[in-house]
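Chemist: With the sequence shown counted from 1, adding 49 to any position gets you my numbering. For every residue, glycine included, the Cβ atom is placed at its ideal position computed from N, Cα and C. Since we're looking at a predicted model, the values are computed, not measured.
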Amino acid sequence: PEHLPTEIPSLKDIRSEVALARATLEARAPGIVCGHGDLKPSNVLEHRGDVRLIDFELGGPNYRGFDWMKLFRRPEGFQEEDLRHFLASYAACGEEPCSLQQLDSLVEETKAFEPLTWLEAFIFFLALIPYKPTELKKWQGLAQHRWQMYQQTRHKLITS
């Protein structure tokens, strides 16, 4: 706790926020799949016209929207048109029906995970502090940024 950035809440408040986010998410009952676990642009390769995913060590049961949003999440935001195209293509590859209404539902499900991708990264950087204390300022700065991004996107999951 003594190495936490001063601009973030206490551990007690962080635990409360995580519990609220979890309860809110579970109430939505989003889809669970055998997910990649670390779906991000650097783990997606194009080879001879085919798309390949790499780096599956975090794979397993997970919320599909979480995986999808990790691919699109950026501090500057993302283009919803790109997300819609990706989700429609994903559904087509899985031979799932995907009406406009179903696509809208997938988009909303995915967007609700944006704050959670920032919250996960925030906790990850906080957890690194005791293991790599020589880079304390770096981890604190990254944690602080991810917390700010979580706060900016929190409304997409938790409505007051």
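Between the C-alpha atoms of E157 and K181, what's the straight-line distance to the nearest angstrom?
Modeler: 37 Å
Chemist: Would you be able to state if there are at least three C-beta pairs under 8 Å between the segment 166-181 and the segment 125-134?
Modeler: Counting Cβ pairs under 8 Å, fewer than three are found: no touch.
Chemist: May I ask whether a heavy atom of the ligand ADP can be found less than 7 Å away from the beta carbon of L152?
Modeler: This structure lacks the ligand ADP, and indeed carries no ligand of any kind.
Chemist: Would you mind working out which of S138, R133, E169 sits nearest K160, comparing C-alpha positions?
Modeler: R133
Chemist: Going by C-alpha distance, which of L152, T55, K205, S65 is nearest W167?
Modeler: Relative to W167, the option among L152, T55, K205, S65 whose CA is nearest is K205.
Chemist: Within the same chain, show all residues whose beta-carbon is closer than 6 Å to that of A140, passing over the 5 residues directly before and after it, in chain order.
Modeler: These residues qualify, in order along the chain: C147.
Chemist: Any idea what DSSP makes of I81, helix, strand or coil?
Modeler: strand
Chemist: Name the two residues that bound the continuous beta strand (DSSP E) containing R123.
Modeler: First-last for R123: undefined, no H or E at that position.
Chemist: Ignore the nearest five residues each way along the sequence and tell me which others in K89's own chain have a CB closer than 7 Å to its CB.
Modeler: K119, L120
Chemist: Does L206 get closer than 8 Å to chain D when you measure Cβ to Cβ?
Modeler: In the structure shown, chain D cannot be found, because there is only a single protein chain.
Chemist: With C94 as the anchor, note down where its beta strand (DSSP E) starts and where it stops.
Modeler: Correcting the residue identity first, residue 94 is Leu in this sequence and not Cys. Per DSSP, L94 is one residue of the beta strand (DSSP E) stretching across 93-96.
Chemist: Take H52 and list the residues in its own chain whose beta-carbon comes closer than 8 Å to its own, dropping the five residues that flank it on each side.
Modeler: I178, P179, P182, L185, Q189
Chemist: Indicate whether N111 and I63 have their beta-carbon atoms separated by less than 8 Å.
Modeler: In terms of Cβ geometry, N111 and I63 do not form a close pair [threshold 8 Å].
Chemist: Assuming G108 contacts C83 (C-beta within less than 8 Å), just tell me the rounded distance between them.
Modeler: 7 Å
Chemist: Need the endpoints of the alpha helix (DSSP H) that L175 sits in, please.
Modeler: 163-177
Chemist: Identify the continuous beta strand (DSSP E) that holds D99 and give its terminal residues.
Modeler: It spans 99-102 - the beta strand (DSSP E) in which D99 sits, taken as one unbroken run.
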